[in-house]
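Some notes on the structure that comes next.
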Amino acid sequence: MAVTNKSNANLMHLIKRMHGVVENTDIEKHRQSQDHFGVLLGSNKDVLTEVLEIPAQSKGEHPLHAEWNYVNRAHMKKYVILYCHGGGYSTGSSLYARTLTGKLAMSTSMDVLSFDYRLAPEHPYPAATQDAMRVWNYLMLLGYGARDIILAGDSAGGNLALSLTLKLKEEGRLLPRGLVLMSPWTDLTSSGKSHVSKAEIDPVLNAAYLADMIRNYASGQELKDPLISPLFGNYNGFPPTYIQVGGNEILLDDSVILYKKLLKANVSVKLDIFKGMWHVFQMSPFKTAHEAMDKNAEFIYDICR
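For the sequence shown, the working numbering assigns the number 1 to the initial residue and increments by one for each residue that follows.
Structure below.
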């Protein structure tokens with residue numbers, strides 16, 4: 001389906017209405033409705049799902065629910081995509097992420113591992129980053145090397161992918177082969193001009209919603225901490241990174257400023273701004289979303305040569 005100005009306006013209206021159904025002041029109902037959309041939009045007969053529990057690694061930890069998504073045909077096993085779901089750190093799950101992980105598995109013919117990190121406000125920062133590190137260590141135990149892993153994520157999951165890589169760098173560990181970020185939420189201080197300039201046309205996000213998510217996840221924390229707002233991180237030596245963002249979202253500058261910062265650090269980075277698109281439009285079942293996923297696959301193939 002090609003997106004004309006008129007059909008784009010209709011799509012934006014539909015997305016706004018659909019998001020209104022998902023958005024719910026009751027956080028448990030919000031989580032349930034997102035899972036419902038994941039089942040509805042994420043089912044694909046060509047993609048198999050294998051549910052697993054990532055075991056606790058130390059006393060007091062609980063197992064983490066996770067799932068593998070992979071194509072129902074012979075495919076490459078050398079590389080793996082580790083996927084971090086979005087949801088403002090307060091909602092979302094591997095089930096909700098199937099709207100993206102299935103498409104990633106299809107477009108790349110690679111296995112995709114997504115996981116349910118602990119959510120705020122019950123588990124604020126640094127719970128999500130700790131859980132992401134646990135899953136990273138689990139892949140190491142399975143025999144993958146850092147260079148066999150592509151880290152990917154959308155929205156808060158993009159934040160988490162960056163946060164995990166910065167944490168690995170801080171610990172002097174090997175970094176993933178590359179990162180794929182869709183509408184990453186990189187700056188919890190909301191300093192980008194697009195937070196104001198796109199406020200009227202963004203059909204998905206608004207300042208009040210972000211304020212709630214920030215309060216849930218990082219209340220009382222220094223928001224410029226690079227593990228909370230990766231935009232303020234040191235990117236010297238960072239792996240190749242590909243960023244996709246919609247032209248109509250308030251998080252546009254979260255991507256644009258990150259892109260400029262990565263360039264300045266001599267990182268191999270590519271940014272695509274999709275005109276007329278909204279926050280994580282790749283979830284939607286239409287042509288531009290599939291084209292974006294194909295571009296993600298092209299980037300991954302390029303760095304895996």
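Even for Gly, the Cβ is constructed at its ideal location relative to N, Cα and C.
Give me the Cα-Cα distance between residue i and residue j, rounded to the nearest whole angstrom.
| i | j | result |
| --- | --- | --- |
| P240 | T186 | 17 angstroms |
| L210 | L64 | 26 angstroms |
| L100 | H62 | 26 angstroms |
| V21 | F37 | Only weak support exists for where V21 lies, its pLDDT of 46 falling under 50; the value from the coordinates is given anyway. So the two alpha carbons sit approximately 10 angstroms from each other. |
| L52 | E67 | 6 angstroms |
| G220 | L164 | 21 angstroms |
| I149 | L181 | 14 angstroms |
| A105 | R98 | 10 angstroms |
| S268 | I303 | 10 angstroms |
| K270 | E298 | 12 angstroms |
| L95 | A152 | 16 angstroms |
| L41 | A218 | 31 angstroms |
| N69 | V112 | 5 angstroms |
| D254 | D35 | 26 angstroms |
| L258 | V39 | 32 angstroms |
| K45 | P285 | 15 angstroms |
| Y242 | L160 | 15 angstroms |
| W136 | E122 | 23 angstroms |
| H30 | I250 | 21 angstroms |
| S114 | M140 | 15 angstroms |
| G88 | Q32 | 15 angstroms |
| Y301 | R147 | 13 angstroms |
| D272 | S109 | 22 angstroms |
| I27 | N236 | 38 angstroms |
| R305 | K77 | 14 angstroms |
| A208 | S107 | 35 angstroms |
| E238 | H195 | In the sequence on display, residue 238 carries Phe and not Glu. Between F238 and H195, the C-alpha separation is close to 27 angstroms. |
| M133 | K167 | 8 angstroms |
| N248 | F274 | 9 angstroms |
| N234 | N266 | 12 angstroms |
| Y79 | L175 | 14 angstroms |
Between which two residues does the beta strand (DSSP E) carrying residue i extend?
| i | result |
| --- | --- |
| T241 | 241 to 246 |
| H279 | Note, H279: premise wrong, no beta strand (DSSP E); not H, not E. |
| T189 | From DSSP, T189 is part of no beta strand (DSSP E); its letter is neither H nor E. |
| D154 | 149 to 154 |
| F115 | 111 to 115 |
| T49 | 47 to 54 |
Quick one: give me the first and last residue of the alpha helix (DSSP H) that residue i is part of.
| i | result |
| --- | --- |
| K198 | Note, K198: premise wrong, no alpha helix (DSSP H); not H, not E. |
| V80 | Looking at the DSSP string, V80 is not in any alpha helix (DSSP H); the run it does join, the beta strand (DSSP E), is 80 to 84. |
| G102 | 98 to 108 |
| M213 | 207 to 218 |
| M182 | Where M182 is concerned, there is no enclosing alpha helix (DSSP H), although the beta strand (DSSP E) it sits in stretches over 178 to 182. |
| E298 | 287 to 303 |
| Y70 | Where Y70 is concerned, there is no enclosing alpha helix (DSSP H), although the beta strand (DSSP E) it sits in stretches over 64 to 71. |
| T129 | 127 to 142 |
| L258 | 252 to 264 |
Classify residue i: buried if its beta carbon has 16 or more other beta carbons within 10 angstroms, exposed otherwise.
| i | result |
| --- | --- |
| M277 | buried |
| R177 | buried |
| K59 | exposed |
| M213 | buried |
| G143 | exposed |
| N296 | buried |
| L263 | exposed |
| Q57 | exposed |
| A292 | buried |
| D116 | buried |
| I81 | buried |
| R73 | exposed |
| D131 | buried |
| I54 | buried |
| V71 | buried |
| A156 | buried |
| I204 | The sequence given here places Val at residue 204; Ile does not occur at that position. It is buried - the Cβ of V204 has at least 16 other Cβ atoms within 10 Å. |
| S229 | buried |
| S93 | buried |
| K261 | buried |
How close, in whole Å, do the beta carbons of residue i and residue j come, if the pair is a contact with beta carbons under 8 angstroms?
| i | j | result |
| --- | --- | --- |
| V47 | G102 | 4 angstroms |
| S90 | N216 | 5 angstroms |
| A158 | P184 | Checking the displayed sequence, the identity of residue 158 turns out to be Gly instead of Ala. Contact flag correct, Cβ pair sits at about 3 angstroms. |
| G246 | H279 | 6 angstroms |
| K198 | L252 | 6 angstroms |
| L227 | T288 | No, L227 and T288 are not in contact; Cβ-Cβ is about 32 angstroms, not under 8 angstroms. |
Cβ-heavy atom distance between residue i and the ligand FMN below 7 angstroms?
| i | result |
| --- | --- |
| K261 | The ligand FMN is not part of the structure shown, which contains no ligands of any sort. |
Should residue i be flagged as near chain C, meaning a C-beta pair shorter than 8 angstroms?
| i | result |
| --- | --- |
| G88 | Annotation note: the requested chain C is absent from the structure, which comprises a single protein chain. |
Assess contact between the segment 190 to 207 and the segment 166 to 177, defined as three or more Cβ pairs (one per stretch) separated by less than 8 angstroms. Is contact present? no
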